[in-house]
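Chains A and B, in that order, are what the protein sequence lines are.
Start counting the first sequence at 71; every next residue gets the next number (the numbering used here).
Start counting the second sequence at 71; every next residue gets the next number (the numbering used here).
By construction, the Cβ of each residue, glycine as well, lies at the ideal position given by its N, Cα and C atoms.
Everything numeric in this text was worked out from a predicted model, so none of it was measured.
Below is one structure, written out as C-alpha cells; comments come after it.
Number of protein chains: 2
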Amino acid sequence: MAENKGVTPRSEDYSRWYTDVVQKADLADYAPVRGCMIIKPYGYELWENIKSALDCRFKATGHRNAYFPLFIPMSYIEKEAEHVEGFKPELAVVTHGGGSELDEPLVVRPTSETLFGEAYAKWIQSYRDLPMLINQWANVVRWEMRPRLFLRTTEFLWQEGHTAHATRDEAVDETLKILDIYAEVSEKVCAVPVIKGRKSPQEKFAGADDTYTIESMMGNTWALQGATSHFLGQNFAKAFDITFLDESNELQHVWTTSWGMTTRTVGAIIMTHGDDKGLRLPPAIAPIQAVIVPIWKTDEQRDSVFEFANQVKSQLEAVGIRMHIDERDGLSPGFKFNDWEMRGVPVRLEIGPRDVEGQSVMAGRRDVPGKEGKQIIPVAELAARIPALLEEIQEALLREATEFRDSNLHEVNSYDELKAIVGTGWGLMWHCATPECEDKIKEETKATCRCFPLDQNPEWSPEGAKCAVCGEPAFGKAYFARAY
Amino acid sequence: MAENKGVTPRSEDYSRWYTDVVQKADLADYAPVRGCMIIKPYGYELWENIKSALDCRFKATGHRNAYFPLFIPMSYIEKEAEHVEGFKPELAVVTHGGGSELDEPLVVRPTSETLFGEAYAKWIQSYRDLPMLINQWANVVRWEMRPRLFLRTTEFLWQEGHTAHATRDEAVDETLKILDIYAEVSEKVCAVPVIKGRKSPQEKFAGADDTYTIESMMGNTWALQGATSHFLGQNFAKAFDITFLDESNELQHVWTTSWGMTTRTVGAIIMTHGDDKGLRLPPAIAPIQAVIVPIWKTDEQRDSVFEFANQVKSQLEAVGIRMHIDERDGLSPGFKFNDWEMRGVPVRLEIGPRDVEGQSVMAGRRDVPGKEGKQIIPVAELAARIPALLEEIQEALLREATEFRDSNLHEVNSYDELKAIVGTGWGLMWHCATPECEDKIKEETKATCRCFPLDQNPEWSPEGAKCAVCGEPAFGKAYFARAY
Numbered sequence: 071m072a073e074n075k076g077v078t079p080r081s082e083d084y085s086r087w088y089t090d091v092v093q094k095a096d097l098a099d100y101a102p103v104r105g106c107m108i109i110k111p112y113g114y115e116l117w118e119n120i121k122s123a124l125d126c127r128f129k130a131t132g133h134r135n136a137y138f139p140l141f142i143p144m145s146y147i148e149k150e151a152e153h154v155e156g157f158k159p160e161l162a163v164v165t166h167g168g169g170s171e172l173d174e175p176l177v178v179r180p181t182s183e184t185l186f187g188e189a190y191a192k193w194i195q196s197y198r199d200l201p202m203l204i205n206q207w208a209n210v211v212r213w214e215m216r217p218r219l220f221l222r223t224t225e226f227l228w229q230e231g232h233t234a235h236a237t238r239d240e241a242v243d244e245t246l247k248i249l250d251i252y253a254e255v256s257e258k259v260c261a262v263p264v265i266k267g268r269k270s271p272q273e274k275f276a277g278a279d280d281t282y283t284i285e286s287m288m289g290n291t292w293a294l295q296g297a298t299s300h301f302l303g304q305n306f307a308k309a310f311d312i313t314f315l316d317e318s319n320e321l322q323h324v325w326t327t328s329w330g331m332t333t334r335t336v337g338a339i340i341m342t343h344g345d346d347k348g349l350r351l352p353p354a355i356a357p358i359q360a361v362i363v364p365i366w367k368t369d370e371q372r373d374s375v376f377e378f379a380n381q382v383k384s385q386l387e388a389v390g391i392r393m394h395i396d397e398r399d400g401l402s403p404g405f406k407f408n409d410w411e412m413r414g415v416p417v418r419l420e421i422g423p424r425d426v427e428g429q430s431v432m433a434g435r436r437d438v439p440g441k442e443g444k445q446i447i448p449v450a451e452l453a454a455r456i457p458a459l460l461e462e463i464q465e466a467l468l469r470e471a472t473e474f475r476d477s478n479l480h481e482v483n484s485y486d487e488l489k490a491i492v493g494t495g496w497g498l499m500w501h502c503a504t505p506e507c508e509d510k511i512k513e514e515t516k517a518t519c520r521c522f523p524l525d526q527n528p529e530w531s532p533e534g535a536k537c538a539v540c541g542e543p544a545f546g547k548a549y550f551a552r553a554y
Numbered sequence: 071m072a073e074n075k076g077v078t079p080r081s082e083d084y085s086r087w088y089t090d091v092v093q094k095a096d097l098a099d100y101a102p103v104r105g106c107m108i109i110k111p112y113g114y115e116l117w118e119n120i121k122s123a124l125d126c127r128f129k130a131t132g133h134r135n136a137y138f139p140l141f142i143p144m145s146y147i148e149k150e151a152e153h154v155e156g157f158k159p160e161l162a163v164v165t166h167g168g169g170s171e172l173d174e175p176l177v178v179r180p181t182s183e184t185l186f187g188e189a190y191a192k193w194i195q196s197y198r199d200l201p202m203l204i205n206q207w208a209n210v211v212r213w214e215m216r217p218r219l220f221l222r223t224t225e226f227l228w229q230e231g232h233t234a235h236a237t238r239d240e241a242v243d244e245t246l247k248i249l250d251i252y253a254e255v256s257e258k259v260c261a262v263p264v265i266k267g268r269k270s271p272q273e274k275f276a277g278a279d280d281t282y283t284i285e286s287m288m289g290n291t292w293a294l295q296g297a298t299s300h301f302l303g304q305n306f307a308k309a310f311d312i313t314f315l316d317e318s319n320e321l322q323h324v325w326t327t328s329w330g331m332t333t334r335t336v337g338a339i340i341m342t343h344g345d346d347k348g349l350r351l352p353p354a355i356a357p358i359q360a361v362i363v364p365i366w367k368t369d370e371q372r373d374s375v376f377e378f379a380n381q382v383k384s385q386l387e388a389v390g391i392r393m394h395i396d397e398r399d400g401l402s403p404g405f406k407f408n409d410w411e412m413r414g415v416p417v418r419l420e421i422g423p424r425d426v427e428g429q430s431v432m433a434g435r436r437d438v439p440g441k442e443g444k445q446i447i448p449v450a451e452l453a454a455r456i457p458a459l460l461e462e463i464q465e466a467l468l469r470e471a472t473e474f475r476d477s478n479l480h481e482v483n484s485y486d487e488l489k490a491i492v493g494t495g496w497g498l499m500w501h502c503a504t505p506e507c508e509d510k511i512k513e514e515t516k517a518t519c520r521c522f523p524l525d526q527n528p529e530w531s532p533e534g535a536k537c538a539v540c541g542e543p544a545f546g547k548a549y550f551a552r553a554y
C-alpha cells in the first residue's frame, strides 16, 4: 500500500515529481522500445476528452476527417528542400516488408504534408474544389534521443490538419482561425493559459512560410509549445504541383496550411496544475469528475452507505457528471483520499452512516485543501450544486495558472536583464529574429525564442526598435525562456 | 460531368463495380505505397460511425481504451511459437531510426498480443487486478501481396481488445460476449447479416486456442470474415509469464482473449448492399442520411427554394438527422439524383417551387427505385416521418440481405454436392476439421472453410457423423465458400 502513498513532492524535485505522477496516477508507462510509451486507460481518457473538444470545433468550422497512410516513400520526403532537411535526422525507416528488402525505403510518417500534397494535386482541379479542409487523427514517429513521457516520445498521437485555398489571404485566415481553436481548447477545456505568437524563422516548421504557436508556462516557469499552425505559402503547392483553374480559367498554385496538436497536451495539463500531492485535473477533461468514497464500519452500515452512494451516483450521472464509486475493500478512507487526490479527481464525495442519516454528502475540492474546500450538500441540491462546483473549479484552475504565469512574465530592457531572470520566468525582449542571436542566447542562457506574441503592435519591424543582443533593427518583441 | 455519371454495373463485372464504387463515391483512393490506401472523408465518416457503435458497446461492458506503441522488438514477436510462424511473412521491419542502424530491428505491429502480454505481466499481481479489459483503436500493418481497397490493405485501421481473466470460463465468456457485440453491430448498425461460428484449427488466429468469427455473404455470394474473437487460453500468459495470486494466495497464470474488427467492414457494407447504380448505405451509419436537392429555374425561385430547403434541413437536424443540401451550381437535378444514388444516401428530398407552394417535399428512397419509393410529405410531418422512414430502410436492407443470403445457403450431403454449388452459394457439410481435407477442398474448388456455425448441436464431434471428404469422424458441420 505504501507504493501508492505519494509522489516525490513537486517542490522537492520537479522532474522526478512529473515522472512519478505520470506513472503512479496510471497515465502512462514505459514501453519495451526506448522512446515509446504505453498510454494507460486513465491517460487515454484524458486524451479522448481533449480529442473530442478539438474534433467538434474542427467539424463546426467545415473540416472533415480522413485517414492517410503511415508509410511515405523516401523520395516524397525529399521533394520539399527545407522539409527534408528538418525531418531527415528524426526518421524511422522501413527497409523490409513481406520478407523481402524493399526497392525504395519507406519512411514512417513524421508528418504528412507530402502525402496530402500528392493527393491534393490529384483531387483539386478547379476553384470549385476549394477550399479543401481535411484533418486526420493519427500516430506519427520522430526519433527522439532524450525521451520523456508525453512530452517527447518517438511515437506520439496527434491530429494534423491540411488545407488548400485559392488565395493567400484565405490560407492566412485559416492558419489563425485554427490557432484560435487551439487557444480556446487549451484555456477553456484544459485550463492552460496560452500566449499566441509567431515563431522566429529558426523555430518555424520545416517548409512553412510562417508558424504560429500557443505557448504555455509550466509550474516550474519553463515554457511548453502547446500546438502549432503553419502557413505554408505555396511551398508544398509548388513541390507537388497542386494547381487549380480559377474563375477566369487561369491555372494557379493553391496556398496551403497545416496544423497539429498532440498527446503532449496531457503533459502540459499535468505540469500546469499538479501540486505536491499529484495531479489536479480540470473538470472539463477529467475522466472522473467526482469520486464517491464510502465510509463504513459494520456490514449493516456498508449496505446503507452503498445504497445511498449508488443513488447519489445515478443522480449525478443523470445530469452528465462522470462518476466513480471507490468500492475497493481493505483500504482505509484515508488511503483512498490520498489516492484520488494523487489522481487529481476534482471533487470527492465522502459518504458515511451519518451522511445517510442526514441525506447529505461531504463534498471536498481537490484544488482547495483542508476545511476551506469542504461543504455539506443536501442530496436534493446535488444535481444543481455539483455541476456549478465543477465550473467553479474549472475557472479557479485557469485563474490560478494565469496569475502564476503573469507574475513570471518580465518585460526586459537589455540582454543582461534577460540573463538575470531566465530559469525563473520568461523575458519579453526586442529581437532581430536572426538565428545568430538565438544561438548566442541559447548557448549563454539555455533560453530559446518562444514566439513573437501577436498582441503587440501588429506592425512588425517597428521603426527605431533595436535587438537587445546585436543592436540591429528588431522584428518585434519576443519571449525567451527555458523550454521543454 | 460524364466521369461521375455512373459505375460499371454490378451485374456486369462485380470486381470492377466494387473498385468503381469505392473511388467514384469518394470512399477511398490509392496511396503512393502499393497496398496502402487513403480513406477519404466520406469513407472515413462511415468508419467513424462504425467506431462509435462499437466503442459505446465496449465501454458499456466495462472495457477501457488505451494506446500501445506501434513498434515491437522482433524478439517479442518470436516469444509465442505459433504467433511468429503466422505473422513473420507479413511483417514490415524498421531497421534504421534517427539516422543509425538499430541494434534490434523493430516490427511495425501486425497485432499487439505481445506488447499487451509484456505489460500485463507487469501490471497484474493479484486477483484484485482481474479482469483486465483493455481495447485500443489503432493502425496495423500486414504486408499484402494482392491488395484490394478496404478488403485487404497492407495498413488498416481496427480496434484490438486484449483481456486477462482469472479463470478459463470467464475468458471463454468474454470471447463470446464480444462475438455477440460484433454480430449486433454488424446486423443492427451495418445491416449486414452474420453467421456466428468457430474457425477450424487451420483458419484460427496464430496463437489462439479457439477463434470465433462472424461470416457474411457478399452480393456475389462470396464470404467475408467480418470480425474475430480469440480465446487465447494460457498461451500468451505462459509465453509472457502473466501470473496472479489467487484468493488462496496461489500463483496462477491468467487466461487471455483478443478480438478485432477492422476498416474491412466498410468493404462488407459496400458489397452487401450496393447495386448497379452504386452504394446503398444503411441509415444508421450513412454520413448523410437525407440529401436535399433543390430545383429551380429563375433567381426568384432559387431564393424561395433555398429558404425552404434550409428550413427543412434545420427541422430535420433538430431531430438528429444527418442532412446535406446539394447547393452546387451548374449541375442538373438529374445529374444530382444520379450522383447521390451512386453515393448511397438513403433518402432524397426534392424541393422545387411547387413544393414550396404546397409546403411539402418529395421524398425518395434509395432502396426502392421508381415511383414506388416516392412519397409527398407535408413539412409539418417531416420530423416524425423521416426518422420512421430511415428506420424502415434500415430494416429493409437487413431483410433483403438476409433473404439473399438464406437463399444461397445449402446443406450438402456429399463433397460432390458441395462442388456443384461452390461459387454460387455456401455449402454446409460434415467436416473433420483437419487441414488436409481443407487443403484438398481449396485446391479442387477454391472454397475455404468459413466456420462451424454455433447454432448447430452444441456438442461437437457428434456420434456417427463422418467428414464428407475423408470419411473420418466429423467435428461438426462447417460452411465452405469462396471468400475474400
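Task: Alpha carbon of residue 77 of chain A to alpha carbon of residue 295 of chain A, nearest angstrom - done: Your numbering for residue 77 of chain A matches position 7 in the first sequence. Your numbering for residue 295 of chain A matches position 225 in the first sequence. Residue 77 of chain A and residue 295 of chain A have their C-alpha atoms some 26 Å from each other.
Task: C-beta neighbour in chain A for residue 520 of chain B, strict 8 Å - done: Along the second sequence, read from residue 1 onward, the residue named residue 520 of chain B stands at position 450. It does not: the Cβ of residue 520 of chain B has no partner Cβ on chain A nearer than 8 Å.
Open item on the list: Against chain B, which members of the stretch 104-123 of chain A pass a CB distance test of less than 9 Å?
Closed with: 105, 106, 107, 108, 109, 110, 111, 112, 113, 114, 115, 117, 118
TODO: Note down the Cα distance separating residue 522 of chain A from residue 376 of chain A, rounded to an integer number of angstroms.
DONE: Counting from one through the first sequence, the residue named residue 522 of chain A turns up at place 452. Counting from one through the first sequence, the residue named residue 376 of chain A turns up at place 306. Their backbone Cα atoms lie some 55 Å apart in a straight line.
- [ ] Could you tell me which of B:248, B:154, B:113 sits nearest to residue 206 of chain A, measuring between CA atoms?
- [x] For this step, residue 206 of chain A is matched to residue 136 along the first sequence. It is B:113.
Task: DSSP three-state assignment for residue 334 of chain B, whether helix, strand or coil - done: Looking up residue 334 of chain B in the second sequence gives position 264. Residue 334 of chain B falls in the helix class under three-state DSSP.
Task: Integer Cβ distance of residue 203 of chain A from residue 133 of chain A, believed to fall under 8 Å - done: Mapped onto the first sequence, residue 203 of chain A falls at position 133. Mapped onto the first sequence, residue 133 of chain A falls at position 63. Residue 203 of chain A to residue 133 of chain A, Cβ: 4 Å. Contact.
Open item on the list: Please report whether the beta-carbon of residue 410 of chain A lies at a distance below 8 Å from any beta-carbon of chain B.
Closed with: Reading the first sequence from its first residue, position 340 is the one you call residue 410 of chain A. By this cut-off, residue 410 of chain A is not an interface position.
Task: residue 386 of chain A beta carbon less than 8 Å from that of residue 360 of chain A - done: Locating residue 360 of chain A in the first sequence gives position 290, where the first residue counts as 1. Locating residue 386 of chain A in the first sequence gives position 316, where the first residue counts as 1. Cβ distance < 8 Å, so residue 360 of chain A and residue 386 of chain A count as in contact.
TODO: Check the DSSP bridge columns for residue 430 of chain B and list the partner residues they point to.
DONE: One-based indexing of the second sequence puts residue 430 of chain B at position 360. Per DSSP, B:448.
Task: Three-state class that DSSP yields for residue 82 of chain A in the structure shown - done: Translated into positions along the first sequence, residue 82 of chain A becomes position 12. Residue state, collapsed to three classes: coil.
Task: Proximity test, Cβ basis, 8 Å: residue 166 of chain B and chain A - done: Numbered from 1 along the second sequence, position 96 holds the residue referred to as residue 166 of chain B. Yes, contact with chain A.
Task: Presumed contact (8 Å Cβ cut-off) between residue 329 of chain B and residue 298 of chain B, rounded CB distance - done: On the second sequence, position 259 is the one that residue 329 of chain B refers to. On the second sequence, position 228 is the one that residue 298 of chain B refers to. Residue 329 of chain B to residue 298 of chain B, Cβ: 7 Å. Contact.
- [ ] State the Cα-Cα distance for the pair residue 313 of chain B and residue 238 of chain B, rounded to the nearest angstrom.
- [x] Residue mapping note: residue 313 of chain B aligns to position 243 of the second sequence, counting from 1. Residue mapping note: residue 238 of chain B aligns to position 168 of the second sequence, counting from 1. Going by the C-alpha atoms only, they are around 14 Å apart.
Open item on the list: Going by DSSP, what residue range makes up the beta strand (DSSP E) through residue 209 of chain A?
Closed with: The residue you call residue 209 of chain A lines up with position 139 of the first sequence. Residue 209 of chain A -> beta strand (DSSP E) spans 202-211.
Task: Contact under 8 Å by Cβ, residue 256 of chain B with residue 264 of chain B - done: Taking the first residue of the second sequence as 1, we reach residue 256 of chain B at position 186. Taking the first residue of the second sequence as 1, we reach residue 264 of chain B at position 194. Contact flag set, yes.
Open item on the list: Give me the chain A residues within the contact set of residue 282 of chain B, using Cβ-Cβ distance strictly less than 7 Å, ordered along the chain.
Closed with: As a first step, residue 282 of chain B is located in the second sequence; it is residue number 212 there, counting from the start. Simply none; closest approach about 25 Å.
TODO: Would you grab the beta carbon distance between residue 395 of chain B and residue 364 of chain B for me? Rounded to a whole angstrom, and I think it's under 8 Å.
DONE: Within the second sequence, the letter at position 325 stands for residue 395 of chain B. Within the second sequence, the letter at position 294 stands for residue 364 of chain B. With a Cβ gap of about 7 Å, residue 395 of chain B and residue 364 of chain B count as contacting.
Open item on the list: On the criterion of 16 or more Cβ atoms from any shown chain inside 10 Å, does residue 188 of chain B qualify as buried, or is it exposed?
Closed with: Position 118 of the second sequence holds residue 188 of chain B. So residue 188 of chain B ends up on the buried side.
Open item on the list: For residue 411 of chain A and residue 472 of chain A, what's the separation of their Cα atoms in angstroms?
Closed with: Sequence index remark: in the first sequence, residue 411 of chain A carries index 341 (1-based). Sequence index remark: in the first sequence, residue 472 of chain A carries index 402 (1-based). Straight-line Cα distance between these residues: approximately 22 Å.
Task: Interface residues of chain A facing residue 157 of chain B [CB-CB closer than 8 Å] - done: Residue numbering aside, residue 157 of chain B sits at position 87 when the second sequence is read from its first letter. Correct list: empty, because the minimum Cβ distance to chain A is about 11 Å.
Open item on the list: Tell me the rounded alpha-carbon separation between residue 465 of chain A and residue 419 of chain A.
Closed with: Counting from 1 along the first sequence, the entry for residue 465 of chain A is found at position 395. Counting from 1 along the first sequence, the entry for residue 419 of chain A is found at position 349. Taking the straight line from one Cα to the other gives about 20 Å.
- [ ] Determine the direct distance from the alpha carbon of residue 497 of chain B to that of residue 480 of chain B, and round the result to whole angstroms.
- [x] What you label residue 480 of chain B is simply residue 410 of the second sequence in a count that begins at 1. What you label residue 497 of chain B is simply residue 427 of the second sequence in a count that begins at 1. Cα to Cα, residue 480 of chain B sits roughly 5 Å from residue 497 of chain B.
Open item on the list: Can you check which of these residues, B:336, B:164, B:127, is closest to residue 222 of chain B by C-alpha distance?
Closed with: Against the second sequence, residue 222 of chain B aligns to sequence position 152. Nearest option by C-alpha distance: B:336.
- [ ] Closer than 8 Å by beta-carbon distance: list the chain A residues that pair up with residue 134 of chain B, in chain order.
- [x] What you label residue 134 of chain B is simply residue 64 of the second sequence in a count that begins at 1. The contacting residues are 111, 114, 115.
TODO: Show which residues of chain B have a CB atom less than 8 Å away from the CB atom of residue 497 of chain A.
DONE: Here the question's residue 497 of chain A lines up with position 427 in the first sequence. Here the premise fails: no neighbours, minimum Cβ distance about 33 Å.
- [ ] Indicate the three-state DSSP secondary structure (helix, strand or coil) for residue 524 of chain B in the structure shown.
- [x] Here residue 524 of chain B is taken as the residue at index 454 of the second sequence, counted from 1. In the structure shown, residue 524 of chain B sits in coil (DSSP, three-state: anything other than H, G, I, E or B).
- [ ] Please list the partners that residue 146 of chain A has in chain B, where partner means a Cβ-to-Cβ separation under 7 Å.
- [x] Working through the first sequence from its first residue, we reach residue 146 of chain A at position 76. Under the 7 Å cutoff, chain B gives 102.
Task: For residue 533 of chain B, the residue or residues it bridges with in DSSP - done: As a working note, residue 533 of chain B is residue 463 in the second sequence. None; residue 533 of chain B has no bridge partner.
Task: residue 180 of chain B, DSSP secondary structure in three states - done: For the purposes of this step, residue 180 of chain B is taken as residue 110 along the second sequence, with counting starting at 1. In the structure shown, residue 180 of chain B sits in coil (DSSP, three-state: anything other than H, G, I, E or B).
Task: Exposed unless 16 or more other CB atoms sit within 10 angstroms - verdict on residue 260 of chain A - done: Residue 260 of chain A sits at position 190 when you count from the first residue of the first sequence. The residue in question, residue 260 of chain A, is buried, as its Cβ has 16 or more Cβ neighbours within 10 Å.
TODO: Closer than 9 Å by beta-carbon distance: list the chain B residues that pair up with residue 190 of chain A, in chain order.
DONE: As a first step, residue 190 of chain A must be located in the first sequence, where it is residue number 120. In chain order: nothing, as chain B lies at least about 11 Å away.
- [ ] Show which residues of chain B have a CB atom less than 7 Å away from the CB atom of residue 457 of chain A.
- [x] The residue given as residue 457 of chain A occupies position 387 in the first sequence. Per Cβ cutoff of 7 Å: no residues; residue 457 of chain A is ~22 Å from chain B at best.
Open item on the list: The beta strand (DSSP E) that contains residue 360 of chain B, what's its start and end?
Closed with: Stepping through the second sequence from its first residue, residue 360 of chain B is reached at position 290. Taken as a continuous stretch (DSSP letters only), the beta strand (DSSP E) holding residue 360 of chain B covers 360-364.
- [ ] Compute the Euclidean distance between the alpha carbons of residue 352 of chain B and residue 417 of chain B, then round it to the nearest angstrom.
- [x] The sequence position of residue 352 of chain B within the second sequence is 282, counting from 1. The sequence position of residue 417 of chain B within the second sequence is 347, counting from 1. Those two C-alpha atoms are separated by around 10 Å.
- [ ] Could you run through the stretch 74-97 of chain B and flag, in chain order, every residue whose CB is less than 7 Å away from some CB of chain A?
- [x] none
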